[in-house]
Amino acid sequence: MAGPLLRIRVCIKPNKFHRMQIAARYRIIDLFKQIAHDLHLTVDQLIHISIYRNGPNGCSLLYPMDNNFNSAHYDVSVTLDKYGLSSNEELYIDLTELILCQEQDNDDISTNNNHTTSSLDNSDCFHSTASSLHNSNELLPPSSSLIPAKTTNNLSTNKSLIGQLIRFSVPADNSCLFSSIYFVLHSGKLDLASNKYLRNLVATKIESDHVTYSEAMLGRTNSEYSKWIRRDDSWGGGIELAILTQEYEIEICVINTECGGRIDYFGEDRHFPYRVFLLYNNLHYDPVYLVTYDVVQQKELIQTKFHRNDEAILTLAKDLVDQFNSSTSDDTHHSTSYKKNSSGTSSESHLMHVKI
């Protein structure tokens, strides 16, 4: 008998998935071969990616078994049925960073015929997102609407620093939450026109569920709230964050700078594999990202999505809050950058943990 078929969901772009099935008797390497064939990739690009099992109790790491992502634990010869998967479970793989890197490489080749190698090896690029050690980070997307880190006035750049956590200032136009969400989901791209789309996405979700989104929860009728949140002058908050974390299947961590650095975790109980960070001062939201400087390629690399098991980023978040509060107390309102020391840690984190 062929055995049960397992459902595979591969995220190739934010909110865009490739779905497939494979028999449980097949090996990890067979799964990679099928994905490579379907998505025009190579098996070598997929060897170090992570596979998650999405079952009744949420999403958990399936492969590799070791959370430290030691290369010795990437055994592609193991068959899927060895993991005790049931037919109602789904395997989840995130290839957004790998696809992004490949698109960047294709653009580089098409615009510079003198380059025979890509600017960043694809397997290394994806491995940086699968690992809890972010010593190699995703590239800026190839788009003219990006905010270049070397020229924008909203950023503070210092090439001598490695591992900087940076706040990006989005406009205070009543849509700062939606601008911030778009920024972190699209790896550092700011597109103010996307705010209407995100507002409509939230409103449509609310309109589709009158039981969950009742007047008692919303503070007004379902219909009134849906119309209200579509308006450009309406502020988004906890309700919108709770909806967006489900729609995009990513944990959203909101660092409240006015409450001692408390972090509100939206979607934590869903066990999504990746998380993003926002800063909030009770009036305004800003996105947060990590920037590194590649001394070999002489360019800056940024990352907005982090593995949920990466505790080092929480330590950096505390440093960011401390520096942010210090700069505002000195009447300095520009963005600042924050350094991770050579050991990969800093002072002990005292961030409060709040589950949403």
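Residues in the sequence shown are numbered from 1 upward in steps of one, following the UniProt record's numbering.
Every residue, glycine too, gets a C-beta built ideally from N, C-alpha and C.
None of these values were measured; they are calculated from a predicted model.
Legend entry - Those residues which DSSP pairs with S60 across a bridge: Here residue 60 is taken as the residue at index 60 of the sequence shown, counted from 1. Answer is R53.
Inset, instruction - Compare the C-alpha of A36 against each of L290, H307, I99, D209 and name the closest. - result: Sequence index remark: in the sequence shown, residue 36 carries index 36 (1-based). With distances taken between Cα atoms, A36 lies closest to I99.
Legend entry - Cut-off 8 Å between Cβ atoms - residues of its own chain near D6, not counting five sequence neighbours on either side: Taking the sequence shown and counting its residues from 1, the one referred to as residue 6 is at position 6. Looking at the sequence itself, residue 6 is Leu, so the reference to Asp does not match. So the qualifying residues of the chain are Q21, I22, A23, A24, L80, L85, S87, E89, E90, L91.
Legend entry - Spatial distance of C259 from Y285 (CA atoms): One-based indexing of the sequence shown puts residue 259 at position 259. One-based indexing of the sequence shown puts residue 285 at position 285. Roughly 14 Å separates the two Cα atoms.
Legend entry - Short Cβ contact (7 Å threshold) for I304 with V276: Numbered from its first residue, the sequence shown carries residue 304 at position 304. Numbered from its first residue, the sequence shown carries residue 276 at position 276. Here the sequence assigns Thr to residue 304, which means Ile is not the residue at that position. Yes, Cβ-Cβ distance for T304 and V276 is below 7 Å.
Inset, instruction - Could you tell me whether the Cβ atoms of T257 and N281 are closer together than 7 Å? - result: In the sequence shown, the residue the question calls residue 257 occupies position 257. In the sequence shown, the residue the question calls residue 281 occupies position 281. In contact: T257 and N281 (Cβ atoms closer than 7 Å).
Inset, instruction - Go ahead and pull the three-state DSSP assignment for T304. - result: The residue labelled residue 304 in the question sits at position 304 within the sequence shown. Coil, per DSSP.
Inset, instruction - Tell me whether I8 sits in a helix, a strand or coil according to DSSP, three-state version. - result: The count along the sequence shown starts at 1 and reaches residue 8 at position 8. Residue state, collapsed to three classes: strand.
Inset, instruction - Have a look at F266, N222, C59, L283 and flag the residue whose alpha-carbon is nearest the alpha-carbon of I252. - result: The residue given as residue 252 occupies position 252 in the sequence shown. For the residues F266, N222, C59, L283, the minimum Cα distance to I252 belongs to F266.
Legend entry - Separation of F183 from N154, as counted between CA atoms: Within the sequence shown, numbered from 1, the residue matching residue 154 stands at position 154. Within the sequence shown, numbered from 1, the residue matching residue 183 stands at position 183. Summary for N154: the model assigns pLDDT 38, below 50, so the residue's position carries little reliability, and this model does not support an answer.
Inset, instruction - Please name the residue in F32, V211, I313, I12 whose C-alpha comes closest to that of E103. - result: Mapped onto the sequence shown, residue 103 falls at position 103. When each option's Cα is compared against that of E103, the closest is I12.
Inset, instruction - Note the first and the last residue of the continuous alpha helix (DSSP H) segment covering R275. - result: By 1-based counting over the sequence shown, the position of residue 275 is 275. No alpha helix (DSSP H) holds R275; the beta strand (DSSP E) holding it covers 274-280.
Legend entry - Contained beta strand (DSSP E) runs [length at least 3] in the stretch 195-276, N- to C-terminal order: 251-256, 262-266
Legend entry - Sequence-distant residues of its chain with Cβ nearer than 8 Å to S145 (five each side left out): Taking the first residue of the sequence shown as position 1, residue 145 is located at position 145. Reliability fails at S145, whose pLDDT of 28 lies under 50, so the model's placement of it is uncertain and the value that follows must be treated cautiously. So the qualifying residues of the chain are K189, L190, D191.
Legend entry - Residues that DSSP places opposite I93 in a beta bridge: Position 93 of the sequence shown, counting from 1, holds the residue named residue 93. Bridge partners of I93: V10.
Inset, instruction - Measuring alpha carbon to alpha carbon, tell me which of L61, G238, K227 ends up nearest I51. - result: Indexing the sequence shown from 1 puts residue 51 at position 51. Per the Cα distances, L61.
Legend entry - Extent of the continuous beta strand (DSSP E) to which F17 belongs: Translated into positions along the sequence shown, residue 17 becomes position 17. From DSSP, the beta strand (DSSP E) with F17 extends over 16-23.
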